[in-house]
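*Asks:*
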Amino acid sequence: MTAKRISPDQLRSRRWLDGETMRAFSHRGRLRQLGFSPDDFDGKPVIGIVNTWSDLNTCHGHFPERAEQIKRGVLQAGGFPVEMPAITLGEILMKPTTMLYRNLLAMETEELIRSYPVDGVVLMGGCDKTTPALIMGAISAGVPLIYMPAGTMLRGFWNGETLGSGTDHWKYYAEYRAGNVDASVVDEVLAGASRSSGTCMTMGTAATMMSITEALGLTMPGASSIPAPDSNHGVMAAATGRRIVDMVWEDLKPEDILTAASFDNAITVDMAIGGSTNAIIHLVAMAGRAHIDIPLSRFDEISKRTPWLANIRPSGKFLMEDFYYAGGLRALMRELGDLLDGDAATVSGRPLGESYAEAPLHNDDVIRRRDNALSADGGTVVLSGSLAPDGAVIKQSAADPSLLKHTGPAVVFVDRADLDARIDDPDLVVTADSVLVLQNAGPVGAPGMPEWGQLPIPKKLLEAGVRDMVRISDARMSGTSYGTCVLHVAPEAHVGGPLALVRDGDMITLDVEGRRIDLDVSPEELAQRRADWTPRKKIPERGYVSMYAEHVTQANRGCDFDFLHAGAAIPEPEIF
Ligand code: FES
3 MTAKRISPDQ LRSRRWLDGE TMRAFSHRGR LRQLGFSPDD FDGKPVIGIV
53 NTWSDLNTCH GHFPERAEQI KRGVLQAGGF PVEMPAITLG EILMKPTTML
103 YRNLLAMETE ELIRSYPVDG VVLMGGCDKT TPALIMGAIS AGVPLIYMPA
153 GTMLRGFWNG ETLGSGTDHW KYYAEYRAGN VDASVVDEVL AGASRSSGTC
203 MTMGTAATMM SITEALGLTM PGASSIPAPD SNHGVMAAAT GRRIVDMVWE
253 DLKPEDILTA ASFDNAITVD MAIGGSTNAI IHLVAMAGRA HIDIPLSRFD
303 EISKRTPWLA NIRPSGKFLM EDFYYAGGLR ALMRELGDLL DGDAATVSGR
353 PLGESYAEAP LHNDDVIRRR DNALSADGGT VVLSGSLAPD GAVIKQSAAD
403 PSLLKHTGPA VVFVDRADLD ARIDDPDLVV TADSVLVLQN AGPVGAPGMP
453 EWGQLPIPKK LLEAGVRDMV RISDARMSGT SYGTCVLHVA PEAHVGGPLA
503 LVRDGDMITL DVEGRRIDLD VSPEELAQRR ADWTPRKKIP ERGYVSMYAE
553 HVTQANRGCD FDFLHAGAAI PEPEIF
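Just so you know, the sequence shown maps onto residues 3 to 578 in the numbering used here.
This is the structure:
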């Protein structure tokens, strides 16, 4: 794939470490404070290990050990490893939402790499937003990179039942609200579903993004499917450390790997695994950093031709540990065959197709054959229409099939506080045919586009046995969630999209097969409502949130900052 080979004096880090300027003496000399002499780094690639560990990131508890294993690999290959902590985005404990900070981690990653003497990086992430953030930043920094996925945690168990993270929490919490189980059961389910380090083990955003990143060619072959506690995960960490050193010598950069074809491969894998709807936003943003434009229509084109093969919750039956035992992503990619571009480049230095050419498939119920697919088309569908002129998405594989074509009257909640205050009100005028609408939960309006899109079913309907309804918002939804939820409506309500103009009783039609989401209100009436409309929320005037709200793009553009999306290369720092 690449015939390039750089010499030691071409290493980027030598700008800091070579020469007889005052600064060069200082850079070399002060490394002694850390116990390093020139013998440690002279003529060696400096490998930054960007580590998103923290005691408050519940999914990255094994990262300290993995970082040591990566360092071992780097040393074995003749590199000089340095660990570089970056802001962690722990999905569970970080509020109001990690999505608010995805771009902050991306900025930090880019500037960490640019400002320090590193020649290549290993990116340690996994919990939802960490993956796209690290990759967005490192693509923009432009040095050789390998992404080391956290891996998923072990299957959950409780009372003889196999549990999936997130998915079974939602399920048992709904039963609790319906009065069918008590609080101790919910506590026990959560404890049973949290057995080890690693990310959520359903096909949530974390597992989706790790899989997609392997399909992009940015992980070692097979890395994305190994469960976090498996000893093979440590073996992979060391192999990643060895390989990044070679990548530096080969000068194999993201721009040599990422093409429109590699993003098509990633979208194809996303559809075949029934991936999280969040992947659409992240893929658009990641591609933007590589100067590749992906319109939402591309997702739908690929969805229509890609069978859904991974029988993993929340849409399917099994969990990510089963996926690994069944052959993992390589087996799935082999089954996809001609739907992928096997010639696409990867960090391994070999084409993607080589990584899965011989991959065995051990269980064809977990990973379906194409002639026995779970559905003929992909899990995620892109919609547009009068309610979402710039698009919306729905995970059809996680929806009640009977609701995929539905017309019903809107029940509108103007924001999350309104939703929480009224959803269980016995006097709420709502039936199973109603369409629940949440406004002002988008990128700017929330802010941060939280995962509020799986609006709760009103308690009185839960008690009557209703478990799914059509729900619409400008929010996102956890990849572990399920239900007939139309998400990412763009433009969002806060900036005056049609979603802001919906009122109780308006008729809304969802037609997934027709790829439509429409509001049945006359243009004259909408014009009148628009004349009366003002944004609901005041955005803070100082701090990160102020900058975020001013520069974040809408969901169909990936929610990157407008000043980070593509653009000209930034010069290397001057060293005086
Ligand atoms: Fe970290 Fe789900 S909470 S991946």
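Where a beta carbon is used, it is the ideal one built from N, C-alpha and C, also for glycine. Remember, it's a predicted structure, so these values are computed and weren't measured experimentally.
Evaluate contact between the segment 262-271 and the segment 113-121, counting only Cβ atoms and requiring at least three cross-stretch pairs below 8 Å.
*Replies:* As far as the Cβ criterion goes, the segment 262-271 does not touch the segment 113-121, which means the pair count is below three.
*Asks:* CA-CA distance, residue 73 and residue 539?
*Replies:* For residue 73 and residue 539, the distance between alpha carbons rounds to 47 Å.
*Asks:* For residue 170 versus residue 135, is the C-beta spacing smaller than 7 Å?
*Replies:* In this structure, residue 135 does not lie closer than 7 Å to residue 170 by Cβ.
*Asks:* How is residue 62 classed by DSSP in three states: helix, strand or coil?
*Replies:* Residue 62: coil per DSSP, three-state reduction.
*Asks:* Answer yes or no: do residue 557 and residue 446 have a C-beta to C-beta separation smaller than 7 Å?
*Replies:* Not closer than 7 Å, so no.
*Asks:* Could you tell me which of 321, 138, 354 sits nearest to residue 202, measuring between CA atoms?
*Replies:* The residue with the shortest Cα to Cα distance from residue 202 is 321.
*Asks:* Starting from residue 234 and walking both ways along the alpha helix (DSSP H), at which residues does that stretch end?
*Replies:* Start and end: 233-252.
*Asks:* I want to know whether the segment 346-361 touches the segment 219-239 - three or more CB-CB distances under 8 Å.
*Replies:* As far as the Cβ criterion goes, the segment 346-361 touches the segment 219-239, which means the pair count is three or higher.
*Asks:* Quick check: what's the CA-CA separation for residue 477 versus residue 252?
*Replies:* Residue 477 and residue 252: Cα-Cα distance of roughly 42 Å.
*Asks:* Residues in its own chain within less than 7 Å of residue 329 by CB, not counting five upstream and five downstream?
*Replies:* Same-chain partners within the cutoff: 361, 362, 363, 364, 369.
*Asks:* Quick one: Cα of residue 530 to Cα of residue 523, how far?
*Replies:* Taking the straight line joining both Cα atoms gives about 11 Å.
*Asks:* On the DSSP bridge assignment, give the partners of residue 161 in chain order.
*Replies:* DSSP lists no partner for residue 161.
*Asks:* Give a single yes or no on whether residue 135 has its beta carbon closer than 6 Å to a heavy atom of the ligand FES.
*Replies:* The answer is no for residue 135.
*Asks:* Among 62, 290, 286, whose alpha-carbon lies nearest the alpha-carbon of residue 299?
*Replies:* Among 62, 290, 286, the Cα nearest to that of residue 299 belongs to 286.
*Asks:* Which residues does DSSP pair with residue 408 in a beta bridge?
*Replies:* Looking at the DSSP assignment, residue 408 forms a beta bridge with 512.
*Asks:* Does the Cβ-Cβ distance between residue 76 and residue 50 come in under 7 Å?
*Replies:* Not in contact: residue 76 and residue 50 (Cβ atoms no closer than 7 Å).
*Asks:* What's the call for residue 546, buried or exposed, on a 16-neighbour Cβ count within 10 Å?
*Replies:* Residue 546 is exposed by the Cβ-count criterion.
*Asks:* Would you please state the rounded distance, in angstroms, between the beta carbons of residue 273 and residue 380? I believe it to be under 8 Å.
*Replies:* Yes, they are in contact, since the Cβ atoms of residue 273 and residue 380 sit about 3 Å apart, within 8 Å.
*Asks:* So residue 475 is in the beta strand (DSSP E); what residue range does that whole segment cover?
*Replies:* Taken as a continuous stretch (DSSP letters only), the beta strand (DSSP E) holding residue 475 covers 472-475.
*Asks:* According to DSSP, simplified to helix, strand and coil, what is residue 537?
*Replies:* Of the three classes helix, strand and coil, the one that applies to residue 537 here is coil, per DSSP.
*Asks:* Are there 16 or more other CB atoms within 10 angstroms of the CB of residue 24, so buried, or fewer, so exposed?
*Replies:* It counts as exposed.
*Asks:* Could you spell out where the alpha helix (DSSP H) holding residue 259 opens and where it closes?
*Replies:* 256-259 is the span of the alpha helix (DSSP H), which, as asked, contains residue 259.
*Asks:* So, using beta-carbon positions, are residue 86 and residue 291 closer together than 7 Å?
*Replies:* Their beta carbons are not under 7 Å apart, which means residue 86 does not touch residue 291 by this criterion.
*Asks:* Quick check on residue 53: does DSSP put it in helix, strand or coil?
*Replies:* Residue state, collapsed to three classes: strand.
*Asks:* Could you please give the first and the last residue of the uninterrupted beta strand (DSSP E) stretch that includes residue 27?
*Replies:* No beta strand (DSSP E) contains residue 27, which is instead part of the alpha helix (DSSP H) from 24-32.
*Asks:* Where residue 238 and residue 271 are concerned, what is the direct C-alpha to C-alpha distance, given to the nearest angstrom?
*Replies:* Between residue 238 and residue 271, the C-alpha separation is close to 22 Å.
*Asks:* With respect to 6 Å, is the separation between the Cβ of residue 201 and the closest non-hydrogen atom of the ligand FES below this value?
*Replies:* Under cutoff, so the answer is yes.
*Asks:* State yes or no: is the C-beta of residue 474 within less than 7 Å of the C-beta of residue 468?
*Replies:* Cβ atoms of residue 474 and residue 468: not closer than 7 Å.
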